[in-house]
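Asks:
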């Protein structure tokens, strides 16, 4: 079980991802909040934040549907039954967002305008630790929030 983004790259806690099982997608037949909780916990997260289904990303078309009818009587994987055969289309693929430790990531804003019209100046950008914000004991962003670089638009006359 894993979660991936639209490029097939792994995603972590707090990010809505396409749910994969053995390299294929998971169908939403009989899928409930208990199913979502059990799967998130089985992957090492605290539980589910949200789930949905749909044919949202091009990557889905190249994948088999490998799991269906995930029925869980509680939020524990041992309470679940499921089928490896399916009667689904990719419009029923499960997308899942799990809650867990989230390390902070900086935003990447544009540089400011150069501080002077001519000669050597400076540009700055102020990043915020909100992409994502740290959560559930996750690490703060690493590095300086304010970055500077030299700039020169024009030579000064004379």
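Numbering (my numbering), first residue to last: 95 to 252. For every residue, glycine included, the Cβ atom is placed at its ideal position computed from N, Cα and C.
Residues in its own chain within less than 6 Å of residue 184 by CB, not counting five upstream and five downstream?
Replies: As a position in the chain shown, residue 184 is number 90, starting the count at 1. Counting only Cβ-Cβ distances below 6 Å, and skipping sequence neighbours, we find 149, 154.
Asks: Given this structure, state the Cα-to-Cα distance separating residue 224 from residue 133, to the nearest angstrom.
Replies: The count along the chain shown starts at 1 and reaches residue 224 at position 130. The count along the chain shown starts at 1 and reaches residue 133 at position 39. Answer to the nearest angstrom: the Cα atoms are 27 Å apart.
Asks: Under three-state DSSP, which class holds residue 219?
Replies: Working through the chain shown from its first residue, we reach residue 219 at position 125. In the structure shown, residue 219 sits in a strand (DSSP, three-state: E or B).
Asks: Between residue 231 and the rest of its own chain, which residues show a CB-CB distance below 7 Å, the 5 nearest in sequence each way excluded?
Replies: For the purposes of this step, residue 231 is taken as the residue at position 137 of the chain shown. Excluding sequence neighbours, residue 231 sits near 195.
Asks: Leaving out the 5 sequence neighbours to the left and right, which residues in its chain are closer than 7 Å to residue 201 when beta-carbon positions are compared?
Replies: Within the chain shown, residue 201 is the residue found at index 107, counting from 1. Taking C-beta separations shorter than 7 Å and ignoring five residues to either side along the sequence, the partners of residue 201 in its chain run 221, 222, 224, 225, following chain order.
Asks: Kindly indicate the opening and closing residues of the alpha helix (DSSP H) around residue 128.
Replies: Stepping through the chain shown from its first residue, residue 128 is reached at position 34. It spans 127-136 - the alpha helix (DSSP H) in which residue 128 sits, taken as one unbroken run.
Asks: Give me the residue from 189, 247, 186, 199 with the minimum Cα distance to residue 215.
Replies: Residue mapping note: residue 215 aligns to position 121 of the chain shown, counting from 1. Per the Cα distances, 247.
Asks: Would you kindly work out how many angstroms separate the C-alpha atoms of residue 193 and residue 127, rounded to a whole number?
Replies: Taking the first residue of the chain shown as 1, we reach residue 193 at position 99. Taking the first residue of the chain shown as 1, we reach residue 127 at position 33. Cα to Cα, the separation comes out at about 13 Å.
Asks: Going by the CB atoms, is the gap between residue 124 and residue 182 shorter than 9 Å?
Replies: As a first step, residue 182 must be located in the chain shown, where it is residue number 88. As a first step, residue 124 must be located in the chain shown, where it is residue number 30. Their beta carbons are not under 9 Å apart, which means residue 182 does not touch residue 124 by this criterion.
Asks: Residue 160 to residue 97, Cα distance in whole Å?
Replies: Residue numbering aside, residue 160 sits at position 66 when the chain shown is read from its first letter. Residue numbering aside, residue 97 sits at position 3 when the chain shown is read from its first letter. So the alpha carbons of these two residues sit roughly 14 Å apart.
Asks: Which two residues bound the contiguous beta strand (DSSP E) that contains residue 112?
Replies: Position 18 of the chain shown, counted from the first residue, corresponds to residue 112. Its beta strand (DSSP E) spans residues 111-115.
Asks: Whole angstroms are fine: how far does the CA of residue 188 sit from the CA of residue 179?
Replies: By one-based count along the chain shown, residue 179 stands at place 85. By one-based count along the chain shown, residue 188 stands at place 94. Straight-line Cα distance between these residues: approximately 16 Å.
Asks: The beta strand (DSSP E) with residue 177 in it runs from where to where?
Replies: Taking the first residue of the chain shown as position 1, residue 177 is located at position 83. Note, residue 177: beta strand (DSSP E), 174-177.
Asks: Return the bridge partner residues of residue 238 from the DSSP annotation.
Replies: Taking the chain shown and counting its residues from 1, one reaches residue 238 at position 144. Bridge partners of residue 238: none, in fact.
Asks: Have a look at residue 162 and residue 241 and give me their C-alpha separation to the nearest angstrom.
Replies: Position 68 of the chain shown, counting from 1, holds the residue named residue 162. Position 147 of the chain shown, counting from 1, holds the residue named residue 241. Those two C-alpha atoms are separated by around 49 Å.
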